[in-house]
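Some notes on the structure that comes next.
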Amino acid sequence: MRLFIMPDPHSATRFAANEIASLMIERPNPVLGLATGRTMEGVYRALCGMHREEGLDFSTTTSFNLDEYVGLSAADPCSYHHYMNALLFNHVNSRPDAIHLPAGDAPDLDAECTAYEESIRASGGIDLQLLGIGDTGHIGFNEPPSPFDSRTRCVTLNQKTRIQNAAMFGGNPDAVPTRALTMGVGTILEARQLLLLALGQSKAAIIAKALEGPVGPQVSASAIRLHRQCTVILDEASASALSAETRGQALFQAN
Ligand code: F6R
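According to the numbering used here, the sequence shown is numbered sequentially starting from 452.
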């Protein structure tokens, strides 16, 4: 695992965006795994800027998002489809047929999950999977306990996650859907590279658990420690609960 502790959220976000852009430039037909949530907003802002100002080309990129709420259509302003269009796809030259998110309003959710796995496979697999981390330690929506061989499936959201994500639903946790479709931990671990970004003091405790606690299904983010090509980018605040030993392994540290 490569661990980077950056001085502030801006430099951490910029670093993550640069890693994604470098892969897009190096690979002829890159396949990206994308995440949503507040942490990623700055990453997409930076990528849109690189497209506008430096000509970063999205036309050869295929993407697969991690997750979507069950029951929300792509047009719903609270859906992750809507988030991705508003923050990224409406501003770059992605090919619409190369953009993939699980359909939360599919009539047969199991068939949708199977088809999603199949289309990841048909694309040749994900080159770089972008990850955030939730208060429950989830990556994607893999709430505890999530087996490390789990695949794309329908899950029930933890109440902590509904509270975490309430802001998008008028501040009311009960308005957050109870279920979501998510890539499994096993699906995520098959990506050729992982890139986890965490920002802010509110992530410090769960980052310490994920990077220093037991590796197991109670904290799905701990699974990234089993991956051979994993990069973790933190700002000072999200790294603040890490031990001196872990901090000592960081490749770049503030101060
Ligand atoms: C979203 C996702 C989640 C988020 C996590 C952190 O697609 O997969 O795992 O990355 O819940 O969310 P924020 O960034 O809002 O704290």
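C-beta atoms are modelled at their ideal positions from N, C-alpha and C, and glycine is treated no differently.
Since this is a predicted model, take the numbers as computed values, not measurements.
Return yes when the Cβ of residue j is within less than 8 Å of the Cβ of residue i, no when it is not.
i: GLY484; j: LEU632; result: no
i: VAL606; j: GLY555; result: no
i: ALA468; j: LEU498; result: yes
i: LYS590; j: ALA672; result: Here residue 590 is Ile; the residue named in the question, Lys, does not match the sequence. Yes, the pair counts as a contact, with Cβ atoms nearer than the cut-off.
i: GLY651; j: ALA688; result: yes
i: GLU492; j: LEU538; result: yes
i: THR682; j: LEU645; result: yes
i: LEU608; j: ALA463; result: no
i: THR697; j: LEU662; result: yes
Look at the alpha carbon of residue i and the alpha carbon of residue j, and state the distance between them as a whole number of angstroms.
i: GLY699; j: PHE455; result: 11 Å
i: ALA557; j: ALA674; result: 29 Å
i: ARG489; j: ALA573; result: 30 Å
i: GLY576; j: ILE550; result: 14 Å
i: ALA618; j: PRO528; result: 13 Å
i: LYS611; j: PHE703; result: 32 Å
i: VAL482; j: ILE471; result: 11 Å
i: HIS502; j: SER545; result: 11 Å
i: PHE515; j: MET535; result: 11 Å
i: PHE592; j: PRO479; result: 30 Å
i: LEU677; j: ARG465; result: 26 Å
i: TYR531; j: ASP586; result: 19 Å
Under the assumption that residue i contacts residue j (Cβ atoms under 8 Å), give the Cβ distance between them as a whole number of angstroms.
i: ILE571; j: LEU647; result: Actually they are not in contact, since the Cβ atoms of ILE571 and LEU647 sit about 19 Å apart, beyond 8 Å.
i: CYS507; j: MET475; result: The amino acid occupying residue 507 in the given sequence is Leu; Cys does not appear at that position. With 8 Å as the limit, LEU507 and MET475 qualify as a contact, their Cβ atoms being about 7 Å apart.
i: PRO595; j: GLY588; result: 6 Å
i: ARG602; j: THR638; result: 5 Å
i: ALA692; j: ALA655; result: 4 Å
The alpha helix (DSSP H) spanning residue i covers which residue range?
i: THR565; result: 560 to 573
i: GLN610; result: 610 to 615
i: THR638; result: 636 to 640
Grab the span of the beta strand (DSSP E) containing residue i for me, first residue to last.
i: THR682; result: 681 to 686
i: PHE466; result: From DSSP, PHE466 is part of no beta strand (DSSP E) but of the alpha helix (DSSP H) over 460 to 477.
i: MET535; result: First-last for MET535: 531 to 538, but that is the alpha helix (DSSP H), not the beta strand (DSSP E).
i: GLY484; result: 482 to 485
In chain order, what are the residue ranges of uninterrupted beta strand (DSSP E) at least 3 long that sit wholly in the stretch 490 to 518?
513 to 516
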